[in-house]
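As structure tokens, the structure follows; a few thoughts come after it.
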Amino acid sequence: MKTCLDTSVQTPALKQAVVCPENPEISVVLPLMFRRIAMFKNHTVSGTQSRISHTSLRPRTPLAALVLALAASGAWAFNSGSTGVDGALAPVVNTEIQLPPSGVLNYTTINIPSGVTVRFKRNALNTPVYLLASGNVTIAGTIDINGKTAPNTGTAGDGVVADDGVPGEGGPGGYDGGRGGRDDLAQVPAVIRGGSGLGPGGGLGGIEGGDGCGSDNRQYRYIGISAGYATNSAEGTATNGSQIWCGVSLVLGKPYGSAILQPLIGGSGGGGGRGGANFPGSGGGGGGGALLIASSGTVNLTGTIGASGGYGGAVAGTNSGGSGGGGSGGAVRIVATSVTGNGSIFAQYACPQGVTGSINTVMNCNYFRSSVGRIRIEAEALTYSGATTPAYTTDVPGPVFLASLPSLRIATIAGVAVPPSPTGNADVTLPADVVNPVTVTFETVNVPTGNTILFKLIPAYGTPTEVLSAAIAGTAAAGTASITVALPQGPSTLQATTTYTVVVAMGEALSVFAQNERVEKVQLIATLGGPGQAKLITISGKEYTVPMSVLQQVGFAG
Numbered sequence: 070m071k072t073c074l075d076t077s078v079q080t081p082a083l084k085q086a087v088v089c090p091e092n093p094e095i096s097v098v099l100p101l102m103f104r105r106i107a108m109f110k111n112h113t114v115s116g117t118q119s120r121i122s123h124t125s126l127r128p129r130t131p132l133a134a135l136v137l138a139l140a141a142s143g144a145w146a147f148n149s150g151s152t153g154v155d156g157a158l159a160p161v162v163n164t165e166i167q168l169p170p171s172g173v174l175n176y177t178t179i180n181i182p183s184g185v186t187v188r189f190k191r192n193a194l195n196t197p198v199y200l201l202a203s204g205n206v207t208i209a210g211t212i213d214i215n216g217k218t219a220p221n222t223g224t225a226g227d228g229v230v231a232d233d234g235v236p237g238e239g240g241p242g243g244y245d246g247g248r249g250g251r252d253d254l255a256q257v258p259a260v261i262r263g264g265s266g267l268g269p270g271g272g273l274g275g276i277e278g279g280d281g282c283g284s285d286n287r288q289y290r291y292i293g294i295s296a297g298y299a300t301n302s303a304e305g306t307a308t309n310g311s312q313i314w315c316g317v318s319l320v321l322g323k324p325y326g327s328a329i330l331q332p333l334i335g336g337s338g339g340g341g342g343r344g345g346a347n348f349p350g351s352g353g354g355g356g357g358g359a360l361l362i363a364s365s366g367t368v369n370l371t372g373t374i375g376a377s378g379g380y381g382g383a384v385a386g387t388n389s390g391g392s393g394g395g396g397s398g399g400a401v402r403i404v405a406t407s408v409t410g411n412g413s414i415f416a417q418y419a420c421p422q423g424v425t426g427s428i429n430t431v432m433n434c435n436y437f438r439s440s441v442g443r444i445r446i447e448a449e450a451l452t453y454s455g456a457t458t459p460a461y462t463t464d465v466p467g468p469v470f471l472a473s474l475p476s477l478r479i480a481t482i483a484g485v486a487v488p489p490s491p492t493g494n495a496d497v498t499l500p501a502d503v504v505n506p507v508t509v510t511f512e513t514v515n516v517p518t519g520n521t522i523l524f525k526l527i528p529a530y531g532t533p534t535e536v537l538s539a540a541i542a543g544t545a546a547a548g549t550a551s552i553t554v555a556l557p558q559g560p561s562t563l564q565a566t567t568t569y570t571v572v573v574a575m576g577e578a579l580s581v582f583a584q585n586e587r588v589e590k591v592q593l594i595a596t597l598g599g600p601g602q603a604k605l606i607t608i609s610g611k612e613y614t615v616p617m618s619v620l621q622q623v624g625f626a627g
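Just so you know, we're using the numbering used here here: the sequence shown kicks off at 70 and counts up by one.
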């Protein structure tokens with residue numbers, strides 16, 4: 070079997086296995102602590118949980134991290150929960166730290182001096198970065214969890230043909246961009262279409278036609294769509310997530326996640342550009358990473374924290390392809406007894422067509438840009454006066470980690486069990502004679518029976534497919550459902566969601582999370598071994614996304 074390995078990433082840090090034309094791959098990913106499962110044509114399926122990475126998708130809150138912050142004790146009002154086992158972090162030169170499997174680093178104190186940059190190497194599950202400190206945290210230098218910009222393609226590139234079309238890698242806890250479409254003289258749609266970016270707000274890939282249809286600050290059909298996060302892409306200006314350009318409905322990257330950053334999720338990847346006759350399209354930019362800093366003492370920020378999205382690669386040359394879309398900004402949450410300083414925090418949007426300055430700089434995009442990420446500061450005493458992009462939200466300290474509630478997971482594919490913790494290395498092997506369509510089964514916990522599951526298959530190249538399941542059977546405590554679907558060649562991502570109605574009394578209780586309007590329905594977004602999110606739908610049709618774990622406050626159990 071011949072495979073081509075790509076270094077781009079999707080959820081919390083996985084390598085995506087990109088299959089050569091003669092060895093297509095199918096990969097699976099779930100939103101919200103997603104795990105991505107890669108399936109190969111020779112029918113090896115490997116799973117990985119990503120920051121949503123190359124062959125895997127979805128950052129997941131590790132079991133070890135599912136603990137509640139304890140009540141204050143000793144000198145500090147807030148307790149970060151750090152064990153201090155990793156000692157003091159005090160680098161004197163630029164440093165890259167390998168994240169442990171849980172993503173949690175337990176320090177006594179953190180001191181990053183001016184002129185020093187700290188980066189993090191994604192773990193196999195591509196979890197967010199969790200920095201816990203029992204003492205003070207001082208950041209005079211830089212913490213960099215930005216998404217990566219995709220390589221430039223064609224004559225705009227560096228002459229290394231092998232990286233043409235490769236997507237930008239997401240920062241730790243963020244998602245990879247989509248691959249650029251392949252070059253093809255005949256411009257066959259199945260060959261030249263760009264891949265969709267990974268993550269809940271991933272942008273769609275560029276498609277054939279419409280080259281002369283765009284205008285300044287608009288979208289050509291062959292450009293990859295930028296990713297959503299805090300808003301949809303294109304500055305949230307589109308109605309219902311779409312615009313009509315080039316005679317077709319342009320579906321934008323969708324918003325997702327919660328302003329309180331529980332659970333902590335990074336930015337999504339931009340879609341890859343359409344391939345040209347002579348050169349491939351460029352890959353989409355990676356989503357910004359996800360970072361939690363929790364200190365029992367003071368966080369003093371006079372330096373910079375960067376969690377911005379990566380740009381789509383630039384393209385140039387005769388009959389070149391389209392540019393990939395930008396990855397969305399990531400997530401930064403700071404929780405401490407006090408937060409001071411005048412430093413900067415960026416979870417900036419990104420553009421297609423390459424970056425010409427700092428990734429954290431506000432730029433005017435020639436095409437629809439991605440969404441910004443989210444920034445939140447929680448402190449007993451807050452005197453921080455620095456600039457953030459976007460503006461941060463604030464509150465008193467909440468729990469560092471929350472436990473999960475209802476869950477929805479993909480259980481089997483073509484009769485083969487999906488491992489609870491995929492590793493990305495031949496976790497599942499399918500027989501070579503497997504025939505489409507295949508059956509995909511789901512398992513639910515604390516979800517009422519009788520509801521349905523919406524399954525979405527997102528191929529690496531081309532248009533996504535949606536399938537609605539029959540009613541969930543079994544019990545609310547342990548339900549099952551299934552669908553049949555034809556698995557396309559090439560990498561794909563699988564997502565699943567379910568929506569159900571809640572009783573009036575619970576709807577009233579949930580109103581505290583929906584601007585005091587009674588909630589009529591709850592939509593649960595699938596998880597694979599980790600906590601998920603819930604979309605609250607009110608009686609007037611308004612929608613609010615919150616972490617399922619937060620709903621414990623009103624006794625919600627599905």
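The C-beta atom is built at its ideal place from N, Cα and C for all residues, glycine as well.
Everything numeric in this text was worked out from a predicted model, so none of it was measured.
- Inclusion of residue 299 and residue 443 in the CB contact set at 8 Å is warranted, their separation being smaller than that value.
- If you draw a 10 Å sphere on the C-beta of residue 556, you find 16 or more other C-beta atoms in it, and that means buried.
- Within a 10 Å sphere around the beta-carbon of residue 238 sit 16 or more other beta-carbons, which makes this residue buried.
- Shown here, residue 541 sits in coil according to DSSP, grouped into three states, outside any helix or strand.
- Rounded to the nearest whole angstrom, the CA to CA distance from residue 296 to residue 243 is 12 Å.
- Around the beta-carbon of residue 612, fewer than 16 other beta-carbon atoms lie within 10 Å, marking it exposed.
- Taking a cut-off of 8 Å for Cβ pairs, the stretch 333–342 and the stretch 239–258 touch, as three or more such pairs fall below it.
- Residue 185 counts as buried, since at least 16 other C-beta atoms from the protein chains shown sit within 10 angstroms of its C-beta.
- In the three-state scheme derived from DSSP, where H, G and I count as helix and E and B as strand, residue 527 is classed as strand.
- For residue 260, the enclosing alpha helix (DSSP H) starts and ends at 258–261.
- With distances taken between CA atoms, residue 234 lies nearest to 385 out of 360, 177, 385 and 155.
- Straight across, the Cα-Cα distance linking residue 190 with residue 518 is about 42 Å.
- With a cutoff of 8 Å on beta-carbon distance, residue 360 and residue 212 are scored as near each other.
- Its chain contains 177, 178 and 366 as the residues whose beta carbon lies nearer than 6 Å to that of residue 204, once the 5 sequence neighbours on both sides are disregarded; these appear in chain order.
- The beta carbon of residue 152 lies closer than 7 Å to those of 175 in the same chain, with the five residues before and after it left out.
- CA-CA distance, residue 484 to residue 245, rounds to 29 Å.
- Distances from the alpha-carbon of residue 440 to those of 454, 163, 271 and 210 put 271 closest.
- By the beta-carbon neighbour count (other beta carbons within 10 angstroms, threshold 16), residue 489 is exposed.
- Judged by DSSP in its simplified three-state form, residue 376 adopts coil rather than helix or strand.
- Note that the C-beta distance between residue 275 and residue 396 is not below 8 Å.
- A residue is called buried once 16 or more other Cβ atoms fall within 10 Å of its Cβ, and residue 406 is buried on that count.
- Going by C-alpha positions, residue 446 is about 23 Å away from residue 603.
- With contacts defined as CB atoms closer than 8 Å, residue 221 and residue 423 qualify as a contacting pair.
- For residue 201, the closest of 470, 590, 433 and 608 by C-alpha to C-alpha distance is 470.
- Residue 566 is not a Cβ neighbour of residue 539, given a cutoff of 8 Å.
- Residue environment: residue 218 is assigned as buried (16 or more neighbouring CB atoms within 10 Å of its CB, all protein chains considered).
- Distance between residue 376 and residue 420, taken at the CA atoms: about 15 Å.
- Contact check for residue 379 against residue 394 fails: the beta carbons are separated by 8 Å or more.
- The beta carbon of residue 337 sits closer than 7 Å to the beta carbons of 244, 266, 267, 268, 269, 270, 271, 296, 297, 298, 322, 356, 396 and 397 from its chain, once the five residues preceding and following it are set aside; these are given in chain order.
- The Cβ-Cβ distance between residue 170 and residue 209 does not fall below 8 Å.
- Of the candidates 465, 434 and 411, 411 places its Cα closest to the Cα of residue 456.
- Sequence-distant partners of residue 326 (beyond 5 residues in either direction) whose C-beta falls short of 8 Å from its own C-beta, in its chain, are 269, 298, 299, 334, 400, 443, 602 and 614.
- Beta-carbon to beta-carbon, residue 462 and residue 328 are separated by about 5 Å, close enough to satisfy the 8 Å threshold.
- The continuous stretches of beta strand (DSSP E) do not include residue 329, and DSSP gives it neither H nor E.
- If you look at residue 155, you'll find it isn't in any beta strand (DSSP E); DSSP assigns it neither H nor E.
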